[in-house]
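Heads up: the structure comes next, in structure tokens.
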Amino acid sequence: MSWSIILALGAMFSWGIADFLIQKTVKKIGSLETLAWITIFGAIVLIPLILYEGLNLTRANIIFLIFLGAITFIAGLLDFKALAVGKLAVMETIMAIELPFTILLGVLAFQETLTLSQIILVTAVFAGIILISVDFKNINRRDFL
Numbered sequence: 053m054s055w056s057i058i059l060a061l062g063a064m065f066s067w068g069i070a071d072f073l074i075q076k077t078v079k080k081i082g083s084l085e086t087l088a089w090i091t092i093f094g095a096i097v098l099i100p101l102i103l104y105e106g107l108n109l110t111r112a113n114i115i116f117l118i119f120l121g122a123i124t125f126i127a128g129l130l131d132f133k134a135l136a137v138g139k140l141a142v143m144e145t146i147m148a149i150e151l152p153f154t155i156l157l158g159v160l161a162f163q164e165t166l167t168l169s170q171i172i173l174v175t176a177v178f179a180g181i182i183l184i185s186v187d188f189k190n191i192n193r194r195d196f197l
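Residue numbers for the sequence shown follow this note's numbering, so the first one is 53 and each next one is one higher.
Shown next, in the form of structure tokens:
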């Protein structure tokens, strides 16, 4: 087995464990505090890597990074609020919808191209997320008419 597969599996399991711990922490200390601790930890780990590579930031890059940071901060708060209120299994399924939307944005905004097999796989993932997250037993037929 190659190292890339082992590391990918490790990342997948770590992501699941992290989301579980985030949910527990959000319920215990709150969304903003949890986001602050994650940010502090991330900064401590990643700043040495940035300094090692050297900084070559222009004014436009800094403004763009601040803009992206604000969007990420708001998205993080919304995600953590959802994790505080909902069940982890349901919230993770719904938050997985970001993957097909990321691909869609790449196609629309950056003119990325997909092969037929990639389109079929993305459609299958999207359909699977919808099928898992919708409770068909409790859907009233009148809602769709």
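Note that CB positions come from ideal geometry on N, CA and C, so glycine has one too.
Counted within 10 angstroms of its Cβ, other Cβ atoms place residue i as buried (16 or more) or exposed
i	result
L160	exposed
F153	exposed
T77	buried
L135	buried
S83	buried
F132	buried
Distance, residue j Cα to residue i Cα
i	j	result
L59	I171	26 Å
T167	I57	23 Å
L87	F188	34 Å
N108	Q163	27 Å
I74	V97	18 Å
I114	N190	48 Å
T110	G180	42 Å
D198	I92	Beyond the ends of the chain as shown, which are 53 and 197, falls residue 198; an answer cannot be given.
I81	A127	18 Å
A112	A95	21 Å
V177	V142	16 Å
L156	S169	15 Å
A55	I102	Position check: residue 55 holds Trp in this sequence, whereas Ala was assumed. Answer to the nearest angstrom: the Cα atoms are 25 Å apart.
Extent of the continuous alpha helix (DSSP H) run through residue i
i	result
D71	55-81
E144	140-147
V186	No alpha helix (DSSP H) holds V186; DSSP gives it neither H nor E.
T124	111-137
T165	Where T165 is concerned, there is no enclosing alpha helix (DSSP H), given that its DSSP letter is neither H nor E.
- Can we say the region 139-150 touches the region 183-192, given the rule of at least three CB pairs closer than 8 Å? yes
- Cβ pair count under 8 Å reaching 3, the region 116-133 against the region 63-70: no
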